[in-house]
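Everything on this sheet refers to the single structure shown next.
2 protein chains.
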Amino acid sequence: MADGRMMAPPSGESLLFLTDEHLRQGIEAMFFAYRGFTADPDRILADMAYGRAHHRAIHFINRAPGTTVNNLLNILGVTKQSLNRVLRTLIADGLVQSRVGRNDKRERHLYLTDEGRALEQKLSDAQRARMRLAFRTAGPEAVAGFRTVLEAMMDPEMRESFERLRESGP
Amino acid sequence: MADGRMMAPPSGESLLFLTDEHLRQGIEAMFFAYRGFTADPDRILADMAYGRAHHRAIHFINRAPGTTVNNLLNILGVTKQSLNRVLRTLIADGLVQSRVGRNDKRERHLYLTDEGRALEQKLSDAQRARMRLAFRTAGPEAVAGFRTVLEAMMDPEMRESFERLRESGP
DNA sequence: CTTGGAATGTCAACAACGCTGACTTAAACT
DNA sequence: AGTTTAAGTCAGCGTTGTTGACATTCCAAG
Numbered sequence: 675m676a677d678g679r680m681m682a683p684p685s686g687e688s689l690l691f692l693t694d695e696h697l698r699q700g701i702e703a704m705f706f707a708y709r710g711f712t713a714d715p716d717r718i719l720a721d722m723a724y725g726r727a728h729h730r731a732i733h734f735i736n737r738a739p740g741t742t743v744n745n746l747l748n749i750l751g752v753t754k755q756s757l758n759r760v761l762r763t764l765i766a767d768g769l770v771q772s773r774v775g776r777n778d779k780r781e782r783h784l785y786l787t788d789e790g791r792a793l794e795q796k797l798s799d800a801q802r803a804r805m806r807l808a809f810r811t812a813g814p815e816a817v818a819g820f821r822t823v824l825e826a827m828m829d830p831e832m833r834e835s836f837e838r839l840r841e842s843g844p
Numbered sequence: 675m676a677d678g679r680m681m682a683p684p685s686g687e688s689l690l691f692l693t694d695e696h697l698r699q700g701i702e703a704m705f706f707a708y709r710g711f712t713a714d715p716d717r718i719l720a721d722m723a724y725g726r727a728h729h730r731a732i733h734f735i736n737r738a739p740g741t742t743v744n745n746l747l748n749i750l751g752v753t754k755q756s757l758n759r760v761l762r763t764l765i766a767d768g769l770v771q772s773r774v775g776r777n778d779k780r781e782r783h784l785y786l787t788d789e790g791r792a793l794e795q796k797l798s799d800a801q802r803a804r805m806r807l808a809f810r811t812a813g814p815e816a817v818a819g820f821r822t823v824l825e826a827m828m829d830p831e832m833r834e835s836f837e838r839l840r841e842s843g844p
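Read top to bottom, the protein sequences are chains A and B.
Going by this note's numbering, the first residue of the first sequence is number 675, and it counts up by one from there.
Going by this note's numbering, the first residue of the second sequence is number 675, and it counts up by one from there.
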């Protein structure tokens, strides 16, 4: 089988973590772990009329209150039509509030309502619980490595978004 | 904001990697990294009539040739109707071969054809290239931590599937 | 040998959530 | 005044997930 073929000999220090076999295991680990990552919020959302896209919108509006639609578009990496469909239902259901910009009245600034914040809490509590258990099980050094590899895996623009959110954070 | 609140005081050794803020960063890192993880195969598949579901089926059939439909169902975690739609097109297009089981003739054993293997190569080459760069950038210790955290994040059944694939591997 | 259940496949209908393309409105910039 | 930008909308389409109902095939237990 193609995956079993040998790599070039490791030069100097061990590069065994770069064999096709290790890479394949990394790929499959990503696949299975992401399923777990989304499982808990998905279960909560299944009962409501919402899906993963609503979760993502709510998460990032909570993360950066007052963000514009355009900004959210860039973070989420979807088309405005796709995002708009989600935002429309969230605004209609009273979870998100859209305010016209003060300086630039073309812009809409997005905020969670109390109800929206409540759902965000519920969803992220569930997701954090799993992440917390995984982090606790794995230990600090593993967590640092986890973060390092994930950052290296991002597209450059996504890495910028990620770091912009980090900086504006705590 | 709720995410900024304090945790219980770290007891003894540092548990700072378990603050809500760290957990949130882990969650966002997962989100952005998974986008990168799927970006390259998605680009290749967009030109064809296939999507991510086809990629997953092809990947795991290549990984475990002769696997039954039921086994694949458990690994992928979708309904048989959903998988069947994907398999039907792959079989019709000559990428996958379905053989009736010898012992149990109800079962269908799945294999990639030469053409199927060619596509699998193309897709996993692209995905491995990104993983390889990320692994090389991050270094061996980070990769070990990455794997540890991802495994801890999986649902138990998924972890079993993951490890079963590991064992049958090299 | 018949029957119950398991594995598989298929049809229909539906929902979530991506996409493109075309178009409007309003505001801002030049 | 004319162009560009931000946002919203409508229509339509594709992939991928879901349920529910039903047929077929075949193993295995009574």
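Heads up, the beta-carbon is just placed ideally off N, CA and C, and yes, glycines get one too.
### Query
In angstroms, rounded to a whole number, what distance separates the CA positions of B/Leu690 and B/Glu837?
30 Å
### Task
Would you tell me roughly how many angstroms separate the C-alpha atoms of A/Val725 and B/Val760, rounded to the nearest one?
At residue 725 of chain A the sequence reads Gly, which differs from the Val that was named. Cα-Cα distance, rounded: 23 Å.
### Query
Residues bridged to A/His783 by DSSP?
A/Thr742, A/Arg773
#### Entry: Cutoff 8 Å: A/Tyr785 Cβ touching any chain B Cβ
no
### Message
Considering Cα atoms alone, identify which of A/Gly751, A/Arg737, A/Thr787, A/Ile732 is closest to A/Glu831.
### Response
A/Gly751
### Query
Beta-carbon of B/Leu692 versus every beta-carbon of chain A: anything under 8 Å?
yes
### Interface residues of chain A facing B/Ser688 [CB-CB closer than 7 Å]
Pro814
### Message
Quick check on B/Asp829 - is its C-beta less than 8 Å from some C-beta in chain A?
### Response
yes
### Task
Grab me the residues of A/Leu786's own chain with a C-beta within less than 8 Å of its C-beta, minus the 5 sequence neighbours each way, in chain order.
Ile732, Ile735, Asn736, Pro739, Leu769, Val770, Gln771, Glu794
### Message
If distances are taken between C-alpha atoms only, which option among B/Met828, B/Met805, B/Leu746, B/Gln801 comes closest to B/Val891?
### Response
The structure shown does not extend to residue 891 of chain B, since chain B is modelled only from 675 to 844, so the question has no answer here.
### Task
Take A/His729 and list the residues in its own chain whose beta-carbon comes closer than 7 Å to its own, dropping the five residues that flank it on each side.
Pro715, Leu719, Leu797
### Query
Who are the Cβ neighbours of A/Arg791 in its own chain at under 7 Å, not counting the five residues just before and after it?
Asn736
### Task
Please report the Cβ distance between A/Leu692 and B/Phe809, rounded to the nearest whole angstrom; I am assuming they are in contact, meaning their Cβ atoms lie under 8 Å.
6 Å
#### Entry: Where A/Asp829 sits in the DSSP three-state scheme
coil
### Query
Taking C-alpha atoms, which residue in A/Ala803, A/Ala826, A/Leu784 lies nearest to B/Gly710?
A/Ala826
### Query
How is B/Tyr708 classed by DSSP in three states: helix, strand or coil?
helix
### Query
So, B/Phe620 versus A/Ser835, is the Cβ gap smaller than 8 Å?
The structure shown does not extend to residue 620 of chain B, since chain B is modelled only from 675 to 844, so the question has no answer here.
### Query
I think B/Asp829 touches A/Ala713, with their Cβ atoms under 8 Å apart; what is that distance to the nearest whole Å?
6 Å
#### Entry: Buried or exposed by the 16-neighbour rule on C-beta atoms within 10 Å, applied to A/Gly700
buried
### Task
Report yes if the C-beta of B/Ala723 is less than 7 Å from at least one heavy atom of the ligand GTP; otherwise report no.
This structure lacks the ligand GTP; in fact it carries no ligand of any kind.
### Task
Name, please, each residue of chain A whose Cβ falls closer than 9 Å to the Cβ of B/Gln699.
Arg821, Phe836, Leu839, Arg840, Gly843
### Task
Check the Cβ-Cβ distances between A/Val817 and every residue of chain B, and say whether any is below 8 Å.
yes
### Task
Can you say whether B/Ala812 is buried or exposed, counting buried as having 16 or more other CB atoms within 10 angstroms of its CB?
buried
### Query
Given a threshold of 16 other Cβ atoms within 10 Å of its Cβ, counted over all protein chains shown, does B/Leu824 qualify as buried or as exposed?
buried
#### Entry: Alpha carbon of A/Asp767 to alpha carbon of B/Tyr708, nearest angstrom
30 Å
### Query
Helix or strand or just coil, what does DSSP make of A/Val752?
coil
### Message
Using only the alpha-carbon positions, how far apart do B/Asn745 and B/Asp799 sit?
### Response
25 Å
#### Entry: Unbroken alpha helix (DSSP H) run spanning B/Ser688, endpoints
Element bounds for B/Ser688: n/a, residue is neither H nor E.
#### Entry: Any C-beta of chain A under 8 Å from that of B/Met722
no
### Message
Just to confirm before moving on: does the CB-CB distance between B/Asp807 and B/Val743 stay below 8 Å?
### Response
Reading off the sequence, residue 807 of chain B comes out as Leu, not Asp. Result no, Cβ atoms of B/Leu807 and B/Val743 do not sit closer than 8 Å.
### Task
Assuming B/Arg717 contacts A/Leu697 (C-beta within less than 8 Å), just tell me the rounded distance between them.
Going by Cβ atoms, the distance from B/Arg717 to A/Leu697 rounds to 19 Å, so no, they are not a contact pair.
#### Entry: Limits of the unbroken alpha helix (DSSP H) element including A/Asp788
788-812
#### Entry: Residues in the stretch 710-739 of chain A having any Cβ partner in chain B nearer than 7 Å
Gly710, Phe711, Ala713
### Query
For the candidate residues A/Glu702, A/Glu789, A/Thr822, A/Lys754, whose alpha-carbon lies nearest to that of A/Leu764?
A/Glu789
#### Entry: Cβ pair B/Glu702, A/Leu747 closer than 8 Å
no
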